[in-house]
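To start, the structure under review is shown below, and the notes come after it.
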Amino acid sequence: AVPDRIAGLVLIGSATAVRNEVTLELREAMASLPDTVPADFAMEFQASTVHRSVPEEFMIRVVAESRKVPARVWRAALAGLLETERFTGLRGGRVPALLIWGDRDGLFSRSEQQALVAALPIASLKVYRETGHAPHWERPKEVVRDLERFLRTAPS
3 AVPDRIAGLV LIGSATAVRN EVTLELREAM ASLPDTVPAD FAMEFQASTV
53 HRSVPEEFMI RVVAESRKVP ARVWRAALAG LLETERFTGL RGGRVPALLI
103 WGDRDGLFSR SEQQALVAAL PIASLKVYRE TGHAPHWERP KEVVRDLERF
153 LRTAPS
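Heads up, the sequence shown is in our numbering, so the first residue is 3 and it goes up one at a time.
Have a look at this one:
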């Protein structure tokens with residue numbers, strides 16, 4: 003990335019590295035999937051990302067869309083993420099960043115959020131209580147409000 007070309011950075015449910023116990027377990031679970039991802043697997047995976055309930059119609063649509071992707075693509079995407087080096091910051095830039103994280107995120111911990119804040123010199127962490135890995139699904143109005151606030155204050 004070229005920091006002087008980035009006006010601001012928003013990370014939702016992110017981390018400095020994807021490799022952890024949960025993602026390694028997910029890799030194992032995906033290893034034997036048939037290429038057409040079973041509905042129960044897709045539902046379990048998507049449901050595991052939320053803590054608060056989301057509308058049933060929304061979750062049905064998310065599962066249907068995620069099943070359009072063959073399991074080999076799921077595996078390749080996760081493999082790529084697992085191989086990515088730990089994020090240590092944006093070289094040479096002081097880019098304002100907003101980190102949005104749910105305190106019930108089952109993928110990435112609070113310590114990962116603190117590591118991101120430390121890696122980004124102008125970062126603020128917005129913690130959504132009783133929220134999982136997908137704050138944008140669980141609390142869309144609050145996420146939009148916080149994004150709008152961040153965009154109004156980010157330098158142009």
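Ideal placement from N, C-alpha and C gives every residue a C-beta, glycine not left out.
Here the structure is a predicted model, which means the values were calculated and not measured.
Once DSSP output is grouped into helix, strand and coil, what is the label at residue 118? Against the sequence shown, residue 118 aligns to sequence position 116. Reduced to three states, the DSSP call for residue 118 is helix.
I'd like to check one pair, residue 64 with residue 103: are the Cβ atoms closer than 8 Å? Position 101 of the sequence shown, counted from the start, is the residue given in the question as residue 103. Position 62 of the sequence shown, counted from the start, is the residue given in the question as residue 64. Residue 64 is positioned such that its CB atom lies no closer than 8 Å to that of residue 103.
Nearest-angstrom beta carbon gap, residue 101 and residue 126 [assumed within contact, 8 Å]: The residue labelled residue 126 in the question sits at position 124 within the sequence shown. The residue labelled residue 101 in the question sits at position 99 within the sequence shown. Sure, about 7 Å apart at Cβ, within 8 Å.
Residue 58 burial status per 10 Å Cβ neighbour count (16 or more: buried): What you label residue 58 is simply residue 56 of the sequence shown in a count that begins at 1. Classification for residue 58: exposed.
What's the gap between the Cα of residue 15 and the Cα of residue 55? Position 13 of the sequence shown, counting from 1, holds the residue named residue 15. Position 53 of the sequence shown, counting from 1, holds the residue named residue 55. Going by the C-alpha atoms only, they are around 17 Å apart.
Give the single residue among 138, 86, 121, 70 whose Cα lies nearest to the Cα of residue 99. Looking up residue 99 in the sequence shown gives position 97. For residue 99, the nearest C-alpha among the options comes from 121.
Strand pairing of residue 99, partner residues [DSSP]: Counting from one through the sequence shown, the residue named residue 99 turns up at place 97. Answer by DSSP bridge pairing, in chain order: 11, 125.
Going by beta carbon distance, what residues of the same chain come within less than 6 Å of residue 67, once the five residues before and after it are set aside? Indexing the sequence shown from 1 puts residue 67 at position 65. Here the set comprises nothing.
Starting from the Cα of residue 20, find the closest Cα among 52, 117, 49, 62 and give me that residue. If you number the sequence shown from 1, residue 20 lands on position 18. If we check each option's Cα against that of residue 20, 117 comes out closest.
For residue 104, which residues does DSSP report across the bridge? As a first step, residue 104 must be located in the sequence shown, where it is residue number 102. Looking at the DSSP assignment, residue 104 forms a beta bridge with 130.
Going by C-alpha distance, which of 25, 75, 96 is nearest residue 51? Taking the first residue of the sequence shown as position 1, residue 51 is located at position 49. Nearest option by C-alpha distance: 25.
Closest to residue 76 by CA distance: which of 48, 8, 142 is it? Position 74 of the sequence shown, counting from 1, holds the residue named residue 76. Per the Cα distances, 48.
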